[in-house]
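Heads up, the sequence shown is in the numbering used here, so the first residue is 5 and it goes up one at a time.
Working notes, structure below.
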Amino acid sequence: MGERTEERRATGPVEIVSSRKELKASRQIWPLSKAYYTRARQAKAAGKPVAWTLGLAPPEILHALGVIPVMPEHYTSVLAVKQRLTPYLEWADAQGYPLHSCPYHRGTIGYVYSDEEQMIPPPDLILAMNFCDGGNKYIRPIVERFQVPYYYLDLPYLTGPADERGRGVPEEAIDYCAGQLAEVVAFVERATGTPRDPEQFHQTFLWYNQALALWREINELRKAVPCPMGVVDEVGDVYPLMQLAGTREAVAVYQMLLAEVKARVAAGEGILDEERRRLIWLGVSPNYDTGILNYFERFGAVLVKSDLDYMYGEIDLEDPLRGMARKLILDYRGEGVVCYAPRGCRQTCGTISPIRDLVQKELGLPLLAHEGNQADMLGYDGAQLRGAIEQFLERLG
5 MGERTEERRA
15 TGPVEIVSSR
25 KELKASRQIW
35 PLSKAYYTRA
45 RQAKAAGKPV
55 AWTLGLAPPE
65 ILHALGVIPV
75 MPEHYTSVLA
85 VKQRLTPYLE
95 WADAQGYPLH
105 SCPYHRGTIG
115 YVYSDEEQMI
125 PPPDLILAMN
135 FCDGGNKYIR
145 PIVERFQVPY
155 YYLDLPYLTG
165 PADERGRGVP
175 EEAIDYCAGQ
185 LAEVVAFVER
195 ATGTPRDPEQ
205 FHQTFLWYNQ
215 ALALWREINE
225 LRKAVPCPMG
235 VVDEVGDVYP
245 LMQLAGTREA
255 VAVYQMLLAE
265 VKARVAAGEG
275 ILDEERRRLI
285 WLGVSPNYDT
295 GILNYFERFG
305 AVLVKSDLDY
315 MYGEIDLEDP
325 LRGMARKLIL
335 DYRGEGVVCY
345 APRGCRQTCG
355 TISPIRDLVQ
365 KELGLPLLAH
375 EGNQADMLGY
385 DGAQLRGAIE
395 QFLERLG
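Listed below in structure tokens is the structure:
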């Protein structure tokens, strides 16, 4: 694994502080993840094709083509939750990868070059996408290590308002992306030697639409007071959309989750018996200290919604900034915003200033912005973050 570079210490709590899931269905997500990784390893052993999806590349198109997609960034977050990511981060540090770069990228590169057997199997092909700026370079060492074919899906950057239904997207951008997706299909067919099955292709996208519709209905119900399902559950419950989109399993788990949320709303059952404050969480939570999300509950506050699934929601095209604010804050009756800004994520850190202006100046709501790291424990101070949360809640009254 290379030389240890700098002692990775958390100045706050270093033990695993796991979150407490409120819903029974939410507690099924991790077993579902483990079962899927087992299936991926079995598929690899049986000679079936496995693909890695980097940068949130769409897994549904791979499911539709009979390929098992695996999302290494998710597995990297799992290692961080279990506090097993540090050796891989230290290897990346020793190779010159900067500490301020994304820890998911550094950690993934670290275990790829460790030659250690992991829960996820090595890929036969790679599908990458330019979801974030740092991901553009991150795929190269992975491709070089495995020496497998890859396709880089280049989504056009949009300078105007748009939503996931395509309204507001220039036709030339849609044509450009659709052309690449057609190339992805041809690329996978060449790599696997198997043409697509039209029936499976159709069924996969039918399941994808069903899962997305269920997720949207769940989020609509979460606007209820008291909140039936908070961010503590959401951070895990969004997983099926990221890796199982287009599968029967994703539909089944969201059907189960929807039924439970509906029952809680009908019974007037919330996260807390007495819900004093409703807050919005922005950014990725510290994976190694997920219990921080429950910490608010000690003071009668509930994190009712996050921005983790913003790419699946619909935004007001007439005023996109206010539309996003309304979706995340006003629709969920948020009384304050907590923004956890990972140093390794340019997109999150770069939006702090406009978010602060929008929340404080435009909406007149209090905001707590705290810089940290989502997967690297180096310098993490859990006590300091908890103290900042307490002070913030005291100001809310």
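Yeah, the Cβ is synthetic: ideal placement off N, Cα and C, and Gly gets one too.
### Query
Is it buried or exposed for GLU7, if we count other Cβ within 10 angstroms and need 16 for buried?
Counting from one through the sequence shown, the residue named residue 7 turns up at place 3. Its pLDDT being 42, under 50, GLU7 is placed unreliably by the model, and nothing is read from it.
### Task
Report the rounded CA-to-CA distance for SER105 versus ALA271, giving the unit in angstroms.
As a working note, residue 105 is residue 101 in the sequence shown. As a working note, residue 271 is residue 267 in the sequence shown. Roughly 46 Å between the two C-alpha positions.
### Message
On a Cα-Cα basis, can you pick out the residue from PRO91, ALA249, LEU129 that is closest to PRO62?
### Response
By 1-based counting over the sequence shown, the position of residue 62 is 58. Taking only the C-alpha atoms, the option nearest PRO62 is ALA249.
### Query
With 16 as the cutoff for other CB atoms within 10 Å, does TYR161 come out buried or exposed?
Counted from its first residue, the sequence shown places residue 161 at position 157. Residue environment for TYR161: exposed (fewer than 16 other C-beta atoms within 10 angstroms of its C-beta).
#### Entry: Per-residue DSSP class, three states only, for LEU27
Here the question's residue 27 lines up with position 23 in the sequence shown. Coil at LEU27, not helix or strand.
### CA-to-CA distance, GLU238 to HIS78, given in whole angstroms
Along the sequence shown, read from residue 1 onward, the residue named residue 78 stands at position 74. Along the sequence shown, read from residue 1 onward, the residue named residue 238 stands at position 234. CA-CA distance, HIS78 to GLU238, rounds to 15 Å.
### Message
Quick check on GLU19: buried or exposed, where buried means 16 or more other Cβ atoms within 10 Å of its Cβ?
### Response
For the purposes of this step, residue 19 is taken as the residue at position 15 of the sequence shown. For GLU19, the pLDDT reaches just 48, beneath the cut-off of 50, and the residue's location in the model is therefore unreliable, leaving the point undetermined.
### Message
Using a Cβ-Cβ cutoff of less than 7 Å, which residues in the same chain neighbour ASN291 once the five nearest sequence positions on both sides are dropped?
### Response
Locating residue 291 in the sequence shown gives position 287, where the first residue counts as 1. Only SER81, ALA84, VAL85, GLN378, ALA379 meet the Cβ criterion.
### Task
Tell me the start and end of each unbroken beta strand (DSSP E) in the stretch 244 to 296 that is at least 3 residues and wholly inside, in chain order.
281 to 286
### Task
Could you tell me the distance, in whole angstroms, from the CA atom of LEU397 to the CA atom of TYR108?
Position 393 of the sequence shown, counting from 1, holds the residue named residue 397. Position 104 of the sequence shown, counting from 1, holds the residue named residue 108. Rounded to the nearest whole angstrom, the CA to CA distance from LEU397 to TYR108 is 31 Å.
### Message
Within the continuous beta strand (DSSP E) that includes GLU417, where are the two ends?
### Response
Coverage of the chain is limited to positions 5 through 401, which leaves residue 417 absent and any answer about it impossible.
### Pair within 9 Å by beta-carbon distance, SER23 and THR294
For the purposes of this step, residue 23 is taken as residue 19 along the sequence shown, with counting starting at 1. For the purposes of this step, residue 294 is taken as residue 290 along the sequence shown, with counting starting at 1. Result yes, Cβ atoms of SER23 and THR294 sit closer than 9 Å.
### Message
Can you tell me where the alpha helix (DSSP H) holding SER37 begins and where it ends?
### Response
The residue given as residue 37 occupies position 33 in the sequence shown. Note, SER37: alpha helix (DSSP H), 33 to 49.
### Selected residue, minimal CA-CA separation from VAL173, among LEU159, ALA98, ALA186, GLY240
Numbered from 1 along the sequence shown, position 169 holds the residue referred to as residue 173. The option with the nearest alpha carbon to VAL173 is LEU159.
### Query
Taking just the CA atoms, how far does LEU369 sit from ARG43?
As a working mapping, residue 43 is identified with position 39 in the sequence shown. As a working mapping, residue 369 is identified with position 365 in the sequence shown. Taking the straight line joining both Cα atoms gives about 46 Å.
### Message
Comparing C-alpha positions only, which one of TYR384, GLN204, LYS266 sits nearest to LYS227?
### Response
Position 223 of the sequence shown holds residue 227. Selected option, being the one with the closest Cα: LYS266.
### Query
Mind pulling the beta strand (DSSP E) runs of 3 or more residues that sit fully within the stretch 138 to 206?
Within the stretch 138 to 206, complete beta strand (DSSP E) segments of at least 3 residues are found at 154 to 157, given in chain order.
### Message
Am I right that ALA215 and VAL255 are in contact with their C-beta atoms under 8 Å? What's the rounded C-beta distance?
### Response
Looking up residue 215 in the sequence shown gives position 211. Looking up residue 255 in the sequence shown gives position 251. About 5 Å; that satisfies the 8 Å criterion.
### Task
Counting only the same chain and skipping the five closest in sequence on each side, list residues whose C-beta sits under 7 Å from that of TYR117.
Working through the sequence shown from its first residue, we reach residue 117 at position 113. For TYR117, where only same-chain residues beyond five positions count, the Cβ hits under 7 Å are TRP95, ARG149.
### Query
Rounded C-beta distance between ILE222 and LEU286? I'm assuming under 8 Å.
Against the sequence shown, residue 222 aligns to sequence position 218. Against the sequence shown, residue 286 aligns to sequence position 282. No, ILE222 and LEU286 are not in contact; Cβ-Cβ is about 20 Å, not under 8 Å.
### Task
Would you decide whether GLU10 is buried or exposed? Buried here means 16 or more other CB atoms lie within 10 Å of its CB.
Here residue 10 corresponds to residue number 6 of the sequence shown, with the count starting at 1. Residue placement at GLU10 is flagged as unreliable, the pLDDT there being 48, under the threshold of 50; the coordinate-derived value follows with that caveat. It is exposed - the Cβ of GLU10 has fewer than 16 other Cβ atoms within 10 Å.
### Task
Check whether the Cβ of ALA50 lies closer than 9 Å to any Cβ atom in chain D.
The displayed structure is made up of one protein chain only, and chain D is not part of it.
### Query
Does DSSP classify LEU131 as helix, strand or coil?
Here residue 131 is taken as the residue at index 127 of the sequence shown, counted from 1. Strand at LEU131.
### Task
Starting from CYS343, follow its DSSP beta bridges and name the residues at the other end.
One-based indexing of the sequence shown puts residue 343 at position 339. LEU286, ALA373, per the DSSP bridge assignment.
### Task
Would you mind working out which of ARG220, VAL288, GLU278 sits nearest GLN259, comparing C-alpha positions?
Reading the sequence shown from its first residue, position 255 is the one you call residue 259. Looking at the Cα atoms, ARG220 is the closest of the given residues.
### Query
Going by beta carbon distance, what residues of the same chain come within less than 8 Å of LEU283, once the five residues before and after it are set aside?
In the sequence shown, residue 283 corresponds to position 279, counting from 1. Excluding residues within five positions, the ones whose Cβ falls inside 8 Å are PHE300, ALA305, VAL306, LEU307, VAL308, GLY338, GLU339, GLY340, VAL341, VAL342.
### Query
Given a threshold of 16 other Cβ atoms within 10 Å of its Cβ, counted over all protein chains shown, does LEU389 qualify as buried or as exposed?
The residue you call residue 389 lines up with position 385 of the sequence shown. That one is buried.
#### Entry: Option in PRO76, VAL236, ALA217, GLU278 with minimal Cα separation from LEU262
Here residue 262 is taken as the residue at index 258 of the sequence shown, counted from 1. That would be ALA217, whose Cα lies nearest to the Cα of LEU262.
### Message
In whole angstroms, give me the CA-to-CA distance for GLN99 and THR90.
### Response
Reading the sequence shown from its first residue, position 95 is the one you call residue 99. Reading the sequence shown from its first residue, position 86 is the one you call residue 90. One C-alpha to the other measures close to 14 Å.
### Query
Is MET381 helix, strand or coil by DSSP?
Along the sequence shown, one-based indexing puts residue 381 at 377. MET381: coil per DSSP, three-state reduction.
### Query
For ARG390, which three-state DSSP category applies?
As a position in the sequence shown, residue 390 is number 386, starting the count at 1. In this structure, ARG390 counts as helix in the three-state DSSP scheme.
### DSSP three-state assignment for PRO53, whether helix, strand or coil
Here residue 53 is taken as the residue at index 49 of the sequence shown, counted from 1. In the displayed model, PRO53 falls within coil according to three-state DSSP, outside both helix and strand.
### Query
Would you report the Cα separation of LEU60 and MET75, rounded to the nearest angstrom?
The residue labelled residue 60 in the question sits at position 56 within the sequence shown. The residue labelled residue 75 in the question sits at position 71 within the sequence shown. The alpha-carbon atoms of LEU60 and MET75 are separated by roughly 8 Å.
### Query
Along the chain, which unbroken stretches of the beta strand (DSSP E) at least 3 residues long are found entirely within the stretch 65 to 129?
72 to 74
### Message
Please identify the residue among PRO102, HIS67, TYR115, ILE143 whose C-alpha is closest to the C-alpha of VAL189.
### Response
Mapped onto the sequence shown, residue 189 falls at position 185. Ranking the options by Cα distance to VAL189, first place goes to HIS67.
### Message
From the DSSP secondary-structure annotation, give me the bridge partner or partners of SER310.
### Response
Against the sequence shown, residue 310 aligns to sequence position 306. SER310 is bridged to TRP285.
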